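K.L.:
Chains as they are written, first to last, in the numbering used here: chain A, 135 to 250; chain B, 2 to 111. Think of the CB as a built atom: it goes at the ideal place given N, C-alpha and C, for glycine as much as any other residue. A quick note: this is a predicted structure, and the numbers were derived from the prediction, not measured.
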Amino acid sequence: GAVVSQHPSRVICKSGTSVKIECRSLDFQATTMFWYRQFPKKSLMLMATSNEGSKATYEQGVEKDKFLINHASLTLSTLTVTSAHPEDSSFYICSAELADNYNEQFFGPGTRLTVL
Amino acid sequence: AQSVTQPDIHITVSEGASLELRCNYSYGATPYLFWYVQSPGQGLQLLLKYFSGDTLVQGIKGFEAEFKRSQSSFNLRKPSVHWSDAAEYFCAVYDYKLSFGAGTTVTVRA
Chain A
135 GAVVSQHPSR
145 VICKSGTSVK
155 IECRSLDFQA
165 TTMFWYRQFP
175 KKSLMLMATS
185 NEGSKATYEQ
195 GVEKDKFLIN
205 HASLTLSTLT
215 VTSAHPEDSS
225 FYICSAELAD
235 NYNEQFFGPG
245 TRLTVL
Chain B
2 AQSVTQPDIH
12 ITVSEGASLE
22 LRCNYSYGAT
32 PYLFWYVQSP
42 GQGLQLLLKY
52 FSGDTLVQGI
62 KGFEAEFKRS
72 QSSFNLRKPS
82 VHWSDAAEYF
92 CAVYDYKLSF
102 GAGTTVTVRA
């Protein structure tokens, strides 16, 4: 089946620093990847849609300068949280879309970000 | 815009008993519907999906769901719950992007 990985699985950083999270589709090419944020005991909130070779499309209310997304290849998208603050602490999940399968998305295992 | 409602925030069920999780959607056309399961601290795993055709969909781990257009529902069922089914369950509808319900937490008691 289609497998999506994320790295790192957990990261702790100091306030003011930047953190990069990688999302990879391991056995398929993904033109489109998605980044979600999940607060404790809450649903997933779509942050942005990442398209290979073009700029990401951000959802309303998501700061594009704070959450930088790069989709440089058909198997890799990165999310960089810039100048992180404690309120950015969250569980970040990516997904990759399999275009030939009714746009089904396959999810990564998530990254737990803690900003001190 | 499409939306999904999961009316039950938390359900407790005894091991071996049946389970039904409710999902109602709002969408103008024929929806693409999904059920995902999330274990604590993990990503989402697809249980089953409905795109068209047979309205009773079989998924993994013994789960099934029935699409009822007249009721705008896509309820998830399992005849006999195992302790490992304790998790968070999300219903989602796709319209160029996935919209998730708020989720239902399932607790399984011995």
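Per the DSSP calculation, methionine 179 of chain A is bridged to which residue(s)?
P.N.:
Answer is A/Arg171, bridged to methionine 179 of chain A.
K.L.:
Anything in chain A within Cβ reach of tyrosine 95 of chain B, meaning under 9 Å, just list it in chain order.
P.N.:
Within chain A, the residues near tyrosine 95 of chain B are Tyr236, Asn237, Glu238 and Gln239.
K.L.:
Output the boundary residues of the beta strand (DSSP E) element that contains tryptophan 36 of chain B.
P.N.:
33-39 is the span of the beta strand (DSSP E), which, as asked, contains tryptophan 36 of chain B.
K.L.:
Please tell me whether threonine 183 of chain A has its Cβ less than 8 Å away from any Cβ of chain B.
P.N.:
By this cut-off, threonine 183 of chain A is an interface position.
K.L.:
Rounded to whole angstroms, what's the CA-CA distance from alanine 136 of chain A to threonine 165 of chain A? Just pull it up for me.
P.N.:
Rounded to the nearest angstrom, the two C-alpha atoms are 14 Å apart.
K.L.:
Counting C-beta neighbours from all protein chains within 10 Å, is the total for threonine 245 of chain A 16 or more, i.e. buried, or is it exposed?
P.N.:
Per the 10 Å Cβ criterion, buried.
K.L.:
Kindly indicate which residue of B/Gly104, B/Asn25, B/Ser53 and B/Gln59 has the alpha-carbon position closest to the one of glutamine 72 of chain B.
P.N.:
If we check each option's Cα against that of glutamine 72 of chain B, B/Asn25 comes out closest.
K.L.:
Against chain B, which members of the region 213-228 of chain A pass a CB distance test of less than 7 Å?
P.N.:
Hits within the stretch, in order: Ile227.
K.L.:
From the DSSP output, in three-state form, read off glutamine 140 of chain A for me.
P.N.:
Strand at glutamine 140 of chain A.
K.L.:
Out of A/Val145, A/Ser177 and A/Phe201, point me to the one whose CA is closest to serine 217 of chain A's CA.
P.N.:
If we check each option's Cα against that of serine 217 of chain A, A/Phe201 comes out closest.
K.L.:
Establish whether the CB of glycine 44 of chain B and some CB of chain A are separated by less than 8 Å.
P.N.:
Yes, contact with chain A.
K.L.:
Just to confirm before moving on: does the CB-CB distance between valine 58 of chain B and alanine 18 of chain B stay below 8 Å?
P.N.:
Taking 8 Å as the Cβ cut-off, valine 58 of chain B and alanine 18 of chain B do not qualify as a contacting pair.
K.L.:
Does the region 61-80 of chain B touch the region 37-51 of chain B, meaning 3 or more C-beta pairs lie closer than 8 Å?
P.N.:
Cβ pair count under 8 Å is three or more, so yes.
K.L.:
Which residue or residues does DSSP assign as beta-bridge partners of glutamine 239 of chain A?
P.N.:
A/Glu231.
K.L.:
Assuming contact is defined by CB atoms lying nearer than 8 Å, are alanine 182 of chain A and isoleucine 203 of chain A in contact in what I supplied?
P.N.:
In this structure, isoleucine 203 of chain A lies closer than 8 Å to alanine 182 of chain A by Cβ.
K.L.:
Among A/Arg171, A/Leu247, A/Pro243 and A/Pro142, which residue has its Cα nearest to the Cα of histidine 219 of chain A?
P.N.:
Checking every option, the nearest Cα to that of histidine 219 of chain A belongs to A/Leu247.
K.L.:
Indicate whether proline 243 of chain A and glutamine 3 of chain B have their beta-carbon atoms separated by less than 8 Å.
P.N.:
Contact flag unset, no.
K.L.:
Between which two residues does the beta strand (DSSP E) holding lysine 154 of chain A run?
P.N.:
Looking at the DSSP string, the run of the beta strand (DSSP E) that includes lysine 154 of chain A is 153-159.
K.L.:
Spatial neighbours of phenylalanine 225 of chain A within its chain, please: C-beta separation below 6 Å, excluding the five flanking residues on both sides.
P.N.:
Around phenylalanine 225 of chain A: Gln172, Gly244 and Arg246.
K.L.:
With 16 as the cutoff for other CB atoms within 10 Å, does threonine 108 of chain B come out buried or exposed?
P.N.:
Classification for threonine 108 of chain B: exposed.
K.L.:
Using the C-alpha atoms, what's the distance from leucine 250 of chain A back to glycine 29 of chain B?
P.N.:
Using only the alpha carbons, I get a separation of about 45 Å.
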